[in-house]
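Trainee: In full-length UniProt numbering, the protein residues as written are 1 to 344.
Cβ coordinates follow ideal geometry from the N, Cα and C atoms, glycine included.
Below: one structure in C-alpha cells.
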C-alpha cells in the first residue's frame, strides 16, 4: 500500500471437482476461524465510536448491497481489489478515514501526484447510488470505502476476510497539500515507519499492510530508480539480479511509462507470496526491500510467509487503520453524493 499504483486484483476460484471444492471451503473455514480468534484476543487500543453492525436498524441491507455491487464489479474487472484497497489506504492516511479523497473540488486530494493513478471511484458511486435508494442519507461514503475494500479483496474467498467497524462520517475538506502524509515508495525503513507512526500505526501494522502489495501494479517511475542512474544500468544491491532483469523488460529505460506487477509470482491472488518475494530480494519497490533492513521487521516478514498468520495480521491492521482519525457522532456529515459536500 505504500505509494504505488495498484491495478491487478483477485480472480474467481473455479474448483476441479467435489473434493477440490471441499478442500477449499475447509481451508477458508480454518482461516476465518483463526481471524475470529485473533480479533477476540487482540482488541484494538482505542474505540473511537465505531461499531459492528452500526446500521443494523437504520439500514439493515447495507452489507448485502455493498457486497453485491462490489462483487459484480470485481467479477467484470479483476483490477478492482487492488484499486479499492489503495483508495481506502490513501483516504485514511490523509486527514483520516473520512472519504475526503472522493471529493472533486479544485485542488482536492485527487489532484495530488500520489493520487493521480488512484482508481475505483466508479464502484463507490455505484454503491452509494443503491444505498441512497434503500436508505437515503444514512450510510457514509467513508464507511462505503472501508466495506468495499474488504469485499473486493474477499471476492476471491467468497467470504469476508475481516470484519469492518462502521459509524464513520464524511469530511468536508479535501486539499492536495495534505497528501504529504502518504508514505513514499522510495522511502527507507525509518521514513516509512514514521509515516505509519504519525497515523497511530506501529511496526506490525506497517509489515502486515505492506502485504497489500501481493496484488496490483506499480508504475515504472516507482521502480526505475532501483534499476537505472541516468541512462546507465545501476541496480539496487537490495534487488535480486534476475528479478531486476524482469523489471527491466517491462521498464526498459529510466523514462519508461509502463507498469509492473507488485508481486512477480502470483499477481492476481491475494496471498502471502509477497513476503516470500521480499525475503528473496524480489520486492518490487524500494519500500518493500526496506522491510528487510530492520531486524524486527524482517522477522515479521518471515512469520507472515505463513498465509494464515498473514490473513490474521492483515485483518487486525486493516481494522486498526480504519479507525484513524475518524469522524463520528455529529462531526462531519453524511454526504448525499460522495464526490461533493452537501449544500445544506
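Identify whether residue 284 lies in helix, strand or coil by the three-state DSSP scheme.
Mentor: The answer is coil: DSSP assigns residue 284 none of H, G, I, E or B.
Trainee: If you follow the alpha helix (DSSP H) that residue 277 is part of, which residue opens it and which one closes it?
Mentor: Residues 273–279.
Trainee: Taking the alpha-carbon of residue 292 as reference, which of 93, 193, 59, 151 has the nearest alpha-carbon?
Mentor: Selected option, being the one with the closest Cα: 193.
Trainee: My parser needs the alpha helix (DSSP H) runs of 4 or more residues fully inside the segment 33–107; what are they?
Mentor: 62–76, 80–92, all fully within the segment 33–107.
Trainee: Among residues of its own chain, excluding the 5 on either side of residue 130, which ones have a beta-carbon nearer than 7 Å to its beta-carbon?
Mentor: The residues are 65, 69.
Trainee: Name the residue from 216, 176, 186 whose alpha carbon lies nearest to the alpha carbon of residue 78.
Mentor: Comparing Cα positions, the closest option is 216.
Trainee: Give the range of the alpha helix (DSSP H) segment to which residue 154 is assigned.
Mentor: Its alpha helix (DSSP H) spans residues 141–154.
Trainee: DSSP on residue 295, reduced to helix/strand/coil?
Mentor: The answer is helix: DSSP assigns residue 295 an H, G or I state.
Trainee: For residue 326 and residue 279, what's the separation of their Cα atoms in angstroms?
Mentor: Rounded to whole angstroms, residue 326 to residue 279 spans 35 Å at the Cα level.
Trainee: State the beta-bridge partners of residue 260 as determined by DSSP.
Mentor: Answer by DSSP bridge pairing, in chain order: 218.
Trainee: Once DSSP output is grouped into helix, strand and coil, what is the label at residue 339?
Mentor: Here residue 339 sits in coil by DSSP.
Trainee: Please identify the residue among 119, 134, 114 whose C-alpha is closest to the C-alpha of residue 148.
Mentor: If we check each option's Cα against that of residue 148, 119 comes out closest.
Trainee: Candidates 142, 113, 132, 137: which alpha carbon is nearest residue 180's?
Mentor: Selected option, being the one with the closest Cα: 113.
Trainee: Which of helix, strand or coil does DSSP assign to residue 303?
Mentor: Three-state DSSP puts residue 303 in a helix.
Trainee: Should residue 171 go down as buried or exposed, given a rule of 16 or more other Cβ atoms within 10 Å for buried?
Mentor: Answer is buried; the Cβ neighbour count reaches 16.
Trainee: Just the Cα atoms here: how many angstroms apart are residue 287 and residue 89?
Mentor: Straight-line Cα distance between these residues: approximately 16 Å.
Trainee: Let me confirm a value: residue 233 is counted as buried when at least 16 other C-beta atoms fall within 10 Å, else exposed. Which label applies?
Mentor: That one is exposed.
Trainee: Do the CB positions of residue 167 and residue 51 come within less than 7 Å of each other?
Mentor: In contact: residue 167 and residue 51 (Cβ atoms closer than 7 Å).
Trainee: Round the Cβ separation of residue 341 and residue 333 to the nearest angstrom and send it over; I've been treating them as touching at under 8 Å.
Mentor: Residue 341 to residue 333, Cβ: 7 Å. Contact.
Trainee: Could you name the residues of the same chain whose beta carbon sits closer than 6 Å to that of residue 61, not counting the 5 residues immediately before and after it, in chain order?
Mentor: Closer than 6 Å at Cβ, skipping near neighbours: 134.
Trainee: Using the rule of at least 16 other Cβ atoms within 10 Å of the residue's Cβ for burial, across every protein chain shown, is residue 165 buried or exposed?
Mentor: Classification of residue 165: buried, given that the 10 Å Cβ count is 16 or more.
Trainee: In its own chain, which residues sit with a C-beta less than 7 Å from the C-beta of residue 26, not counting the 5 before and 5 after it?
Mentor: The predicted position of residue 26 is uncertain, since its pLDDT is 49 and thus under 50; no value can be drawn from it.
Trainee: So residue 289 and residue 239 are in contact, right, with Cβ under 8 Å, and what is the actual spacing, rounded?
Mentor: Rounded, the Cβ-Cβ distance is 7 Å, consistent with contact.
Trainee: Check residue 170 in the structure and name its three-state DSSP category.
Mentor: Reduced to three states, the DSSP call for residue 170 is strand.
Trainee: With 16 as the cutoff for other CB atoms within 10 Å, does residue 158 come out buried or exposed?
Mentor: Exposed, since its Cβ has fewer than 16 Cβ neighbours within 10 Å.
Trainee: Give, in chain order, every unbroken run of the beta strand (DSSP E) that is at least 3 residues long and sits entirely within the segment 184–239.
Mentor: Listed in chain order, the complete beta strand (DSSP E) runs (minimum 3 residues) inside the segment 184–239 are 217–219.
Trainee: Just to confirm the assignment, what range does the alpha helix (DSSP H) spanning residue 255 have?
Mentor: Neither: residue 255 is in no alpha helix (DSSP H) and is coded neither H nor E.
Trainee: Which residues bound the alpha helix (DSSP H) around residue 177?
Mentor: First-last for residue 177: undefined, no H or E at that position.
Trainee: Does the distance from the CB of residue 122 to the CB of residue 115 come in under 7 Å?
Mentor: In this structure, residue 115 does not lie closer than 7 Å to residue 122 by Cβ.
Trainee: Hey, could you find the ends of the alpha helix (DSSP H) residue 116 is sitting in?
Mentor: Unbroken run through residue 116: none, as it is neither H nor E.
Trainee: Check each candidate in 224, 276, 267, 296 and name the one with the smallest Cα separation from residue 253.
Mentor: Comparing Cα positions, the closest option is 224.
Trainee: I'd like to know whether the C-beta atoms of residue 103 and residue 174 end up nearer to each other than 7 Å.
Mentor: The answer is yes: Cβ separation under 7 Å.
Trainee: Assuming residue 74 contacts residue 152 under a Cβ cut-off of 8 Å, what Cβ separation, rounded to an integer in Å, is found between them?
Mentor: That belief holds up - the Cβ atoms of residue 74 and residue 152 are roughly 5 Å apart, short of 8 Å.
Trainee: Could you compute how far the alpha carbon of residue 339 sits from the alpha carbon of residue 257?
Mentor: Their Cα atoms are separated by approximately 29 Å.
Trainee: Rounded to a whole number of angstroms, what is the C-alpha to C-alpha distance between residue 80 and residue 262?
Mentor: Using only the alpha carbons, I get a separation of about 15 Å.
Trainee: Could you round the C-beta distance between residue 214 and residue 274 to whole angstroms and report it? I think they count as a contact, below 8 Å.
Mentor: Their Cβ separation, rounded to whole angstroms, is 4 Å, which keeps residue 214 and residue 274 in contact under 8 Å.
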